[in-house]
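Protein sequences appear in the order of chains G and U. Per my numbering, the first sequence starts with residue 17, numbered consecutively. Per my numbering, the second sequence starts with residue 93, numbered consecutively.
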Amino acid sequence: MGASDGDLVRRVKAGDARAYADLVARYRPRLARYATRMLGNREDAEEALQDAFVRGYRSLARCDDPEGFGPWLFGILVNRCRTRGAQSARRERLLVHDDAALASVPSAEPPGDDEWHEAVGRALARLEPHYREAFVLKYVEDLSYEEMARLTGAGVSALKMRVKRACERLRGMLEEVQRV
Amino acid sequence: MSEHDRDLPDLIDRVARTLREPVATDGALDARIMARVLAAPAPAAGGAWWRWLRRPALSPLGAIGLAAILAGVLLAPRVRRTPAARPTLSEVQFVFVAPRASSVSVVGDFNDWNLAATPLARAGAAGVWSVSVPLEPGRYTYAFVVDGRRWAADPDAPRAAGDDFGTPNSVVLVRGAS
């Protein structure tokens, strides 16, 4: 069993910067998944991930609960994804403009895994960012609404509404794919 | 299976399961991250003033200085910049009026949106909260958080562009000290 988060954080704070590598290895998979789901592509996700880890390191003196490093770092990533997502949106305005083209997932054959994954990725990308964020935090990261409220600053009732709307929109976009 | 999965419709459950799958990353990503980490300032650097803000220990001289700052709050614009002792830092004063609040903090790019990092103190006048934060030149997005729950933009500052998440944010531009 490896060192606890608290042990590693205390070592880093004491000057052992290389102990941070264990924290990177420990949290990279989950954080990479969140960033990829939120930003929709690997390049932006890896940039956001790097930013979050570096900011986490530089701000470690403010991590008052070393055992709570994971949620603390995740909060930094959520905000990096917001910032990077807004930058990307301004840069690209928008990923896809043609809703009809987006909806035209072939339906004559049962969708294979690749097709399903592509359809889910496209549908997620089409959600408004605050719906996407709420859905991913709830159903991918498995957070409670109270945890989501602390991370996002939104109220619990607003978050429930966002998750509900996200589900409705995803269902509308994916039912055809699922049905066949 | 997590608790909420039992209530999920099949389609949404399938979507969630798909999105929970691990994602591939560049095999050298950890090394790239650590290269940037090792090139960054040590984490303890710059932490002292945050600790002071959270556990202020005032000398008599410090108390006089704080009193002067608080007195200035009532005469100052909502966000203002004053010359700082260090040439690369400017003191940015964040002021928010919330008469019924039990606590107010400011969160932003400069403190990694940490709710606990930068609490505002009551500034003397009823409902006025204030904190002064030394910031390097740059553009910062921020918001006030009232009672740990309600986010509010600064009514006297520009709103952040691209605020797509339904939470209000403001922008402060800190120019280099001249």
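C-beta: ideal position from N, C-alpha, C; glycine also. Predicted model only: the values in this text are computed from it and were never measured.
query: The stretch 35-68 of chain G: positions lying closer than 8 Å to chain U by Cβ; result: Tyr36, Ala37, Val40, Ala41, Arg44, Pro45, Ala48, Arg49, Thr52, Arg53, Arg58, Ala61, Glu62, Leu65 and Gln66
query: Whole-angstrom distance between leucine 153/G and alanine 235/U, CA atom to CA atom; result: 21 Å
query: Neighbour list for arginine 112/U in chain G, Cβ cutoff strictly below 7 Å; result: Val156
query: 8 Å contact criterion, which threonine 210/U and valine 220/U should meet: CB distance rounded; result: Not a contact, Cβ separation roughly 16 Å.
query: Chain-ordered neighbours of aspartate 239/U on chain G, where CB pairs are closer than 9 Å; result: By Cβ distance, chain G contributes nothing, its closest Cβ being about 12 Å from aspartate 239/U, past 9 Å.
query: Valine 184/U at chain G interface by Cβ criterion, 8 Å; result: no
query: Neighbourhood of glutamate 62/G by C-beta, 6 Å cutoff - its chain only, sequence neighbours within 5 removed; result: none
query: The stretch 198-216 of chain U in contact with the stretch 84-100 of chain G per 3-pair CB rule at 8 Å; result: yes
query: Top-ranked residue by Cα proximity to aspartate 32/G, from Met126/U, Leu111/U and Ala120/U; result: Met126/U
query: Proximity test, Cβ basis, 8 Å: leucine 110/G and chain U; result: Residue placement at leucine 110/G is flagged as unreliable, the pLDDT there being 36, under the threshold of 50; the coordinate-derived value follows with that caveat. By this cut-off, leucine 110/G is not an interface position.
query: Cβ-Cβ distance between threonine 52/G and valine 115/U below 8 Å; result: yes
query: Valine 172/G in three-state terms, based on DSSP; result: helix
query: C-beta atoms of leucine 111/U and valine 156/G nearer than 8 Å; result: yes
query: CB-CB length for valine 107/U against valine 136/G, believed under 8 Å; result: 6 Å
query: Contacting positions in the stretch 114-128 of chain U - beta carbon closer than 7 Å to chain G; result: Pro114, Val115, Thr117, Asp118, Leu121, Asp122, Arg124, Ile125, Met126 and Arg128
query: C-alpha gap between glutamine 185/U and alanine 193/U, whole angstroms; result: 19 Å
query: Leucine 181/U, DSSP secondary structure in three states; result: coil
query: Contact set between glutamate 191/G and chain U, taken where Cβ atoms lie within less than 7 Å; result: Leu103
query: Residue environment, valine 187/U, which counts as buried when at least 16 other CB atoms sit within 10 Å; result: buried
query: Limits of the alpha helix (DSSP H) - the one that tryptophan 132/G falls within; result: 129-142
query: Cβ contact check for the stretch 116-135 of chain U and the stretch 27-47 of chain G: 3 or more pairs under 8 Å; result: yes
query: Under 8 Å by beta carbon: chain G residues contacting tryptophan 221/U; result: Chain G residues near tryptophan 221/U: none, gap ~17 Å exceeds 8 Å.
query: Coil, strand or helix - arginine 96/G by DSSP; result: helix
query: Short CB-CB distance (under 8 Å) between alanine 245/U and chain G; result: no
query: Among Pro247/U, Pro133/U and Glu183/U, the one whose alpha carbon lies nearest that of glycine 230/U; result: Glu183/U
query: Whole-angstrom distance between arginine 42/G and aspartate 21/G, CA atom to CA atom; result: 9 Å
query: Proximity below 8 Å, CB of proline 135/U to CB of serine 75/G; result: yes
query: Classification of serine 57/G by the beta-carbon crowding that lies within 10 angstroms, buried from 16 upward; result: Note that residue 57/G is asparagine in the sequence shown here, rather than serine. Result: exposed.
query: Sequence-distant residues of the same chain with beta carbon closer than 7 Å to glycine 86/G, five excluded per side; result: Asp21 and Tyr43
query: C-beta atoms of arginine 96/G and alanine 68/G nearer than 8 Å; result: yes
query: Beta-ladder partner(s) of tyrosine 234/U, from DSSP; result: Gly200/U and Ser262/U
query: Which listed residue (Arg100/G, Arg71/G, Val70/G and Glu134/G) has its alpha carbon closest to that of leucine 190/G; result: Glu134/G
query: Local conformation of threonine 110/U per DSSP, three classes; result: helix
query: Rounded straight-line distance, which links the Cα of leucine 212/U to that of alanine 19/G; result: 36 Å
query: Any chain U beta carbon closer than 8 Å to arginine 74/G; result: yes
query: For leucine 159/G and arginine 185/G, believed in contact at Cβ under 8 Å, the rounded distance; result: Going by Cβ atoms, the distance from arginine 185/G to leucine 159/G rounds to 20 Å, so no, they are not a contact pair.
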